[in-house]
Amino acid sequence: MKPACRQKLLFDDLKAANKIISDFENLTVSKLIVYILPVLFKCASIQLVDESKLYFDLIGDKLLNLCKKVLDCTRSNALEDYLDAVKDITQIEEVVACCNVLYTQLVSAADKKLTEDEKREIQQFVMMLLRSNEQNYENAANGGKAGAGYRVPIVHGLCGPVGSALKNLFFGSSIKNCSNRTEKKTLEQILTGDEDMPYRRRQYIIRCDARRPTLGSRTLPQRLYAAISKEEYRICLTLSSDTVLS
Numbered sequence: 001m002k003p004a005c006r007q008k009l010l011f012d013d014l015k016a017a018n019k020i021i022s023d024f025e026n027l028t029v030s031k032l033i034v035y036i037l038p039v040l041f042k043c044a045s046i047q048l049v050d051e052s053k054l055y056f057d058l059i060g061d062k063l064l065n066l067c068k069k070v071l072d073c074t075r076s077n078a079l080e081d082y083l084d085a086v087k088d089i090t091q092i093e094e095v096v097a098c099c100n101v102l103y104t105q106l107v108s109a110a111d112k113k114l115t116e117d118e119k120r121e122i123q124q125f126v127m128m129l130l131r132s133n134e135q136n137y138e139n140a141a142n143g144g145k146a147g148a149g150y151r152v153p154i155v156h157g158l159c160g161p162v163g164s165a166l167k168n169l170f171f172g173s174s175i176k177n178c179s180n181r182t183e184k185k186t187l188e189q190i191l192t193g194d195e196d197m198p199y200r201r202r203q204y205i206i207r208c209d210a211r212r213p214t215l216g217s218r219t220l221p222q223r224l225y226a227a228i229s230k231e232e233y234r235i236c237l238t239l240s241s242d243t244v245l246s
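Taking the UniProt record's numbering, the leading residue of the sequence shown gets 1, the next gets one more, and so forth.
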């Protein structure tokens, strides 16, 4: 039997290294992207799952489907499978971004330091809000109920963390400005249009998408005008309808 130093090498390390270096020298950008696509998609899916931990009850099924698609596309290495996975990643990222924005605004609008239970209640409210929005679009596409038929309850009303945050978010600045204003104003302040001048009438425009309570009615834009003063209020409503009169 020959010594090990005289035996024929089963694997030539130097030859394999030179081949790898030669392949990298002739590598184009498009080929490099194809090689690193599996790693990119796996890292992107892991990062997305980590960022979606708080809202797993809302998008858990979508994350599982995404992981299956990433597993399939990294095995087949087909461009169509990668594009299909990109669509799911984009949709999930939009939902997570929307949840984060709503949650951050509600928490920052709270007038006190929230406990973990109160933060969890706000998270549940945000997920219910997004879920009702998805159900609204799905039913509208299928010709079912949509629009004003879906409502999200606020637990404990204005006394709860969600109700208190919503009140401060929509009316906190106006209440604070009204409390800081003085009741007596000079004629010069009124004529110059000073910002601290107390309002005489406020106008609101509320827009929403709703349908008529009839079978097969489509979701169309509706608009409500409201003018509110200390003495009176006026409300005007414009409705869009898809009803055909014969």
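We put the CB at the ideal spot given by N, CA and C, even for glycine.
With 16 other Cβ atoms within 10 Å as the buried cut-off, status of residue i
i, result
"G52", "For the sequence presented, residue 52 should be read as Ser rather than Gly. Counting Cβ neighbours within 10 Å, S52 comes out buried, since at least 16 surround it."
"Q222", "buried"
"K69", "buried"
"R211", "buried"
"Y55", "buried"
"A85", "buried"
"I20", "exposed"
"L130", "buried"
"residue 251", "Not covered by the structure: residue 251. The range shown for the chain is 1 to 246."
"V29", "exposed"
Short Cβ contact (7 Å threshold) for residue i with residue j
i, j, result
"P161", "E116", "no"
"L224", "L237", "yes"
"V101", "S132", "no"
"R234", "A227", "yes"
Span separating the alpha-carbon of residue i from that of residue j
i, j, result
"I92", "D50", "12 Å"
"I154", "Y35", "50 Å"
"K15", "P38", "27 Å"
"L169", "C159", "15 Å"
"D88", "R207", "30 Å"
"L166", "A109", "7 Å"
"Q124", "F41", "29 Å"
"A148", "P213", "For A148, the predicted structure reports a pLDDT of 49, less than 50, and the residue's modelled location is therefore unreliable. A value from the coordinates is still provided. Spanning the two alpha carbons is a distance of roughly 10 Å."
"L215", "E80", "39 Å"
"K119", "V107", "7 Å"
"E94", "I59", "11 Å"
"L83", "A97", "21 Å"
"S240", "D209", "10 Å"
"E231", "R202", "12 Å"
"N65", "T90", "13 Å"
"Q105", "D13", "59 Å"
"L63", "G157", "33 Å"
"D111", "G163", "11 Å"
**Request:** Would you list, in sequence order, the uninterrupted alpha helix (DSSP H) runs of no fewer than 4 residues that lie entirely inside the region 10 to 62?
**Result:** 13 to 25 and 29 to 51
**Request:** Specify whether the region 34 to 47 and the region 63 to 81 touch according to this definition: at least 3 beta carbon pairs, one from each stretch, less than 8 Å apart.
**Result:** yes
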